[in-house]
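Undergrad: Residue numbers (our numbering), protein chains in the order written: chain A, -17 to 450; chain B, 48 to 485. Beta carbons are placed, not taken as given, at the ideal position from N, Cα and C, and that holds for glycine. Bear in mind that the values here come from a model prediction, so they are computed numbers and not experimental data.
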Ligand code: B12
Ligand code: SF4
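#1: Go ahead and label residue 514/A buried or exposed: buried means 16 or more other beta carbons lie within 10 angstroms of its beta carbon, across all protein chains shown.
#2: Which residue or residues does DSSP assign as beta-bridge partners of residue 111/A?
#3: Out of 254/B, 300/B, 284/B and 215/B, state which residue places its alpha-carbon closest to the alpha-carbon of residue 168/B.
#4: Can residue 186/A be considered in contact with the ligand B12, in the sense that its beta carbon sits closer than 7 Å to one or more heavy atoms?
#5: Is there contact between the stretch 329 to 343 of chain A and the stretch 400 to 417 of chain A, where contact requires at least three CB pairs shorter than 8 Å?
#6: Does DSSP classify residue 291/B as helix, strand or coil?
#7: With C-beta atoms as the reference, is residue 252/B less than 8 Å away from residue 285/B?
#8: Please state whether DSSP places residue 128/B in a helix, a strand or coil.
#9: Measuring alpha carbon to alpha carbon, tell me which of 271/B, 414/B, 262/B and 363/B ends up nearest residue 437/A.
#10: Just the C-alpha distance for residue 144/B and residue 200/A, rounded to the nearest angstrom, thanks.
#11: So residue 208/B and residue 273/B are in contact, right, with Cβ under 8 Å, and what is the actual spacing, rounded?
#12: For a test of your reading of the model: does the CB of residue -12/A fall under 7 Å from any non-hydrogen atom of the ligand SF4? Yes or no.
#13: Considering only DSSP beta bridges, list what residue 427/A is partnered with.
#14: Could you tell me whether the stretch 187 to 201 of chain A touches the stretch 8 to 25 of chain A, using the rule of 3 or more Cβ pairs below 8 Å?
#15: Comparing the C-beta of residue 400/B with each C-beta of chain A, is any distance below 8 Å?
#16: Can we count residue 169/A as close to the ligand SF4, meaning its CB is less than 7 Å from some heavy atom?
#17: With a 10 Å radius around its C-beta and 16 neighbouring C-beta atoms as the bar for buried, classify residue 148/A as buried or exposed.
#18: Residue 200/B and residue 442/B: beta carbons closer than 8 Å?
#19: Name the residue from 375/A, 385/A and 357/A whose alpha carbon lies nearest to the alpha carbon of residue 440/A.
#20: On the premise that residue 239/A lies in contact with residue 466/B, defined as a C-beta separation below 8 Å, what is that separation, rounded to the nearest angstrom?
#21: Can you give me the C-alpha to C-alpha distance between residue 28/B and residue 350/B, rounded to a whole angstrom?
#22: Comparing C-alpha positions only, which one of 79/A, 410/A and 130/A sits nearest to residue 309/A?
#23: Can you say whether residue 361/B is buried or exposed, counting buried as having 16 or more other CB atoms within 10 angstroms of its CB?
#24: Give me whichever residues DSSP pairs with residue 121/A in a beta bridge.
#25: Mind listing the chain B neighbours of residue 297/A? Cutoff is C-beta to C-beta under 8 Å, in chain order.
#26: Hey, is residue 2/A close to the ligand SF4, as in C-beta under 7 Å from one of its heavy atoms?
#27: So residue 251/A contacts chain B; which residues on that side make the cut at Cβ distance below 9 Å?
#28: Please name the residue, chosen from 0/A, 44/A, 321/A and 224/A, that lies closest to residue 480/B on a Cα-to-Cα basis.
#29: Determine the contact status of residue 276/B and residue 383/B, defining contact as a CB-CB distance below 8 Å.
#30: For the beta strand (DSSP E) that contains residue 325/A, what are its first and last residues?
#31: Determine whether the Cβ of residue 374/A lies closer than 8 Å to any Cβ atom of chain B.
#32: At least one CB of chain A closer than 8 Å to the CB of residue 372/B: is that the case?
#33: Relative to the ligand B12, is the shortest distance from any of its heavy atoms to the C-beta of residue 381/A smaller than 7 Å?
#34: Which residue or residues does DSSP assign as beta-bridge partners of residue 343/A?
#35: Restricting to runs no shorter than 4 residues, where is the alpha helix (DSSP H) found entirely within the stretch 362 to 417 of chain B?
#36: Is residue -5/A near the ligand SF4 - that is, is its Cβ less than 7 Å away from at least one heavy atom of it?
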């Protein structure tokens, strides 16, 4: 964005200090605009007609350096780009890298359906939500428009994930757009050879378009300039992902160059970048090596500026690390990583149900909570206020203590003697050394659970209910 | 109130300032730009004014549009001469590419060099290693085009002085050497291509075997005998025992320039620093994901313990993928950026306990403990990938040396870091038509 202090944004605001935006003053709101934690439309007064010129101007000044591009429609719409910084600690990265997995038009119908379903349904629980895959890329291998259209149709029938339509042949792309144009797919790709026809398609169907210029940044920028001049702003840049050796080193540098130029105000190149780790399959024949290398490339370009990527392996050993490294890089470093301290009910606990203790660090809490709930264990789970520190570090650092556990019980109005039939607390295995203290402080029985909450079901079989 | 400003006045007004753009200047009220004067116009200012005028034009266009004036048509008409726009009906179509040169500058703020640290000593320097290894020396983030990285990344593979529990995927590679640290070290170098080995003296932990320091030092001698690569010596992590253990180990390794792991704030770091100084070793300065603690410890090592700069490597802590890697990654990236920008207390090479990745349940559990999760697939494939991605992301953040465990992970991590470093040749692959060729 073009502004770097709240004061600069403040000048454009109504100045009423009415608080409708959820913070008390216009100045406070301005600082939220700068760190992008509130949206301009949260200030309803500025939407009034008399402020319209200011609104328009401010909107422009607040726009992120890297354009934001939308792909797809409705609930599954994917947004990419929109970044303002080169390093995540400077603010945060917005719009996490969109992961698109491929199907191709020489596949059997049944295989297409099966593969699309696997992509659509893949999920991994993490810190309170499911990590999921975002998109399907349909590749034309046959170069036959009819076949491509049929494949796209089958994919559309099977899932509502946004699409990337991949062919260098404009006729093939057109056939795909005839079927899927309404769903705002990303088309791939305009090149030095076909850009006019592809531009026509993008204009006709009003869809986002990828510009492909393998290792030629001048060409890439020229394409971008030409397309913007023709009125297209929804552009994605593919500088080519070469899978190995010096070519890969150059690819890496190209990503750095494009993003640095974009953030440092070269509007002409400030678009989301596409990586194609799928090219790993051009250098490795055996699927394990290829999928490993593909995931390696995916990780490199998740860390360094890939906003969308096309991938092939849908084996869990690829998908899990790809989802996690993306989450790692896009987790907002400003976000509190805690849950509210309390005694929570998991399932429908009764007085005979076990009472577990954990910390209020979100990663810990959700891991434990999901281990319990997914195994159908009805119980109480207490999140102790450890200031957002996990079990082991909190025991070492003094945030998880007997006194804290006692206070947690009091604050939650939970009386072990009355609310349970067993008056027993189960501590995490890694907090075993608190056992004696907790017994003294709470006058309850204290049991030590396993070190990893994933092992609680096995532990229950052996140890629960406690023998009187 | 209309106010008339001549460009020459403007130039005068701004001539004492270093004006690059009229940023922050809003032009209030009605203005008229008198262009007829011409003379005395500073070109930089002219450019800025052009920019500002364009902004004003956009602004006015927006207002005009609101008032219902057909702005697009007006603009299309006046701009067509410049850009070769065909017509105004419908979207514009161009016949020729508008050439636009790509340019980007180097990062100006990276003016300082990361300290170089050499590990190992050959006979020329009073040691018995076949080769030495130098890390650090960067002038830019890793693999950036701003300045080439002087040294590649290196991997030191773990050896423990007693059998320990480890993930099955890892254990299968070490079952035959688990009881013999010297053989274990040899295997790491010969079969797994380790650049260095780390001997972890964990049996010295009072809660484990409480092996006396003197006995532990013998294992160090065995390892030095068995392999001729530079080595790292690690304690058990017990803050009471480690200083004594590392002192003894440093003594028997005199002259070999090992890396002593670790000095930390929660133990008597001065003793470890002293041992390193006395016997000519480097120190690993280990803190727990906290940039200020890292500065503090480095400062203490330098100022209070007189450890020379060329003997300090940092370990700012590695948390596994999915288990705090977001902290670990950003912590390292911030440390490296601070070093490059001149923070002398942070301008040291870094080491990562990448093996920590094997603590993540995704590496060792047979399947997900959660029924709602999709199938996790075989852990034999999952585990190594976890170690690779953990290490790789830290390589990108600035880490130099990797402490690792799985031979497959080591191989892949080396392949990618050396590719990005630029030392791996390949047969060029033509990706022009990749869509149909996979
Ligand atoms: C990230 C981290 C930090 C982060 C913490 C961030 C945070 N929000 O928690 C920071 C940088 C702040 C930190 C600081 C410190 N840390 Co620290 N840290 C780690 C690290 C790398 C990962 C911990 C983690 O997040 N694990 C993942 C979470 C999910 O695990 P968890 O909370 O334990 O939950 C699991 C189990 O406990 C169990 N569980 C949880 N609840 C329950 C409940 C029941 C009933 C049951 C049965 C099981 C169960 O299941 C969960 C899933 O597996 C570990 C090393 C490592 N690789 O493990 C060191 C580690 C925990 N830290 C350690 C230390 C010493 C510290 C410091 C004291 C260092 C210092 N000298 O300053 C400080 C303390 C700071 C403080 N408390 O104020 C030591 C602890 C050693 C010990 N056993 O005493 C460790 C093990 C590193 C080491 N090897 O020395 N640390
Ligand atoms: S809603 Fe708008 S006018 Fe009211 S305080 Fe917030 S920013 Fe100011």
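TA: Short version:
#1: This structure cannot settle anything about residue 514/A, because the visible part of chain A is limited to -17 through 450.
#2: Along the first chain, one-based indexing puts residue 111/A at 129. Answer is 108/A, bridged to residue 111/A.
#3: Here the question's residue 168/B lines up with position 121 in the second chain. Checked all of 254/B, 300/B, 284/B and 215/B; the closest Cα to residue 168/B is 300/B.
#4: Stepping through the first chain from its first residue, residue 186/A is reached at position 204. No - the ligand B12 has no heavy atom lying nearer than 7 Å to the Cβ of residue 186/A.
#5: Under the Cβ criterion (8 Å, minimum of three pairs), the stretch 329 to 343 of chain A counts as touching the stretch 400 to 417 of chain A.
#6: Counting from 1 along the second chain, the entry for residue 291/B is found at position 244. Three-state DSSP puts residue 291/B in a helix.
#7: Translated into the one-based positions of the second chain, residue 252/B becomes position 205. Translated into the one-based positions of the second chain, residue 285/B becomes position 238. Their beta carbons are under 8 Å apart, which means residue 252/B touches residue 285/B by this criterion.
#8: Your numbering for residue 128/B matches position 81 in the second chain. Annotation note: pLDDT 38 at residue 128/B (below 50); position unreliable, no value reported.
#9: Within the first chain, the letter at position 455 stands for residue 437/A. Sorting 271/B, 414/B, 262/B and 363/B by C-alpha distance to the C-alpha of residue 437/A places 414/B at the top.
#10: One-based indexing of the second chain puts residue 144/B at position 97. One-based indexing of the first chain puts residue 200/A at position 218. Spanning the two alpha carbons is a distance of roughly 11 Å.
#11: Along the second chain, read from residue 1 onward, the residue named residue 208/B stands at position 161. Along the second chain, read from residue 1 onward, the residue named residue 273/B stands at position 226. Taking the Cβ atoms as the reference, residue 208/B lies roughly 13 Å from residue 273/B, outside the contact range of under 8 Å.
#12: As a working note, residue -12/A is residue 6 in the first chain. No.
#13: Stepping through the first chain from its first residue, residue 427/A is reached at position 445. Residue pairing of residue 427/A in beta bridges, as defined by DSSP: 406/A.
#14: Because the criterion of three Cβ pairs below 8 Å is not met, the stretch 187 to 201 of chain A and the stretch 8 to 25 of chain A do not touch.
#15: Here residue 400/B corresponds to residue number 353 of the second chain, with the count starting at 1. Taking CB atoms only, residue 400/B has no neighbour in chain A less than 8 Å away.
#16: Counting from 1 along the first chain, the entry for residue 169/A is found at position 187. The answer is no for residue 169/A.
#17: Here residue 148/A refers to the residue found at position 166 when the first chain is read from its first residue. Buried: at least 16 other Cβ atoms inside 10 Å.
#18: Position 153 of the second chain, counted from the start, is the residue given in the question as residue 200/B. Position 395 of the second chain, counted from the start, is the residue given in the question as residue 442/B. Taking C-beta atoms as the reference points, residue 200/B and residue 442/B count as a pair closer than 8 Å.
#19: Position 458 of the first chain, counting from 1, holds the residue named residue 440/A. Closest option to residue 440/A, Cα to Cα, is 357/A.
#20: Here residue 466/B corresponds to residue number 419 of the second chain, with the count starting at 1. Here residue 239/A corresponds to residue number 257 of the first chain, with the count starting at 1. The Cβ separation is near 18 Å, so there is no contact.
#21: Summary: the structure shown does not reach residue 28/B, with chain B confined to residues 48 through 485, and so no result is reported for it.
#22: Counted from its first residue, the first chain places residue 309/A at position 327. Selected option, being the one with the closest Cα: 79/A.
#23: Along the second chain, one-based indexing puts residue 361/B at 314. Of the residues assessed, residue 361/B falls on the buried side of the cut-off, its CB having 16 or more other CB atoms within 10 angstroms.
#24: Here residue 121/A refers to the residue found at position 139 of the first chain. In DSSP, residue 121/A forms a bridge with 86/A and 148/A.
#25: Locating residue 297/A in the first chain gives position 315, where the first residue counts as 1. Result: 424 and 428.
#26: Your numbering for residue 2/A matches position 20 in the first chain. If you check the C-beta of residue 2/A against the ligand SF4, you find a heavy atom less than 7 Å away.
#27: The sequence position of residue 251/A within the first chain is 269, counting from 1. Result: 147, 149 and 151.
#28: Taking the first residue of the second chain as position 1, residue 480/B is located at position 433. Answer by Cα proximity: 224/A.
#29: If you number the second chain from 1, residue 276/B lands on position 229. If you number the second chain from 1, residue 383/B lands on position 336. Taking 8 Å as the Cβ cut-off, residue 276/B and residue 383/B do not qualify as a contacting pair.
#30: Residue 325/A sits at position 343 when you count from the first residue of the first chain. Its beta strand (DSSP E) spans residues 324 to 328.
#31: Here the question's residue 374/A lines up with position 392 in the first chain. Taking Cβ atoms only, chain B never reaches closer than 8 Å to residue 374/A, which makes this a no.
#32: As a first step, residue 372/B must be located in the second chain, where it is residue number 325. Judged by the 8 Å Cβ criterion, residue 372/B is in contact with chain A.
#33: Walking along the first chain from the start, residue 381/A turns up at place 399. Under cutoff, so the answer is yes.
#34: For the purposes of this step, residue 343/A is identified with residue 361 of the first chain, where counting begins at 1. In the DSSP assignment, the residues bridged to residue 343/A are 320/A.
#35: List check, alpha helix (DSSP H) in window: 372 to 387 and 408 to 411.
#36: The residue you call residue -5/A lines up with position 13 of the first chain. With a threshold of 7 Å, the Cβ atom of residue -5/A counts as near the ligand SF4, since some heavy atom of the ligand is closer than that.
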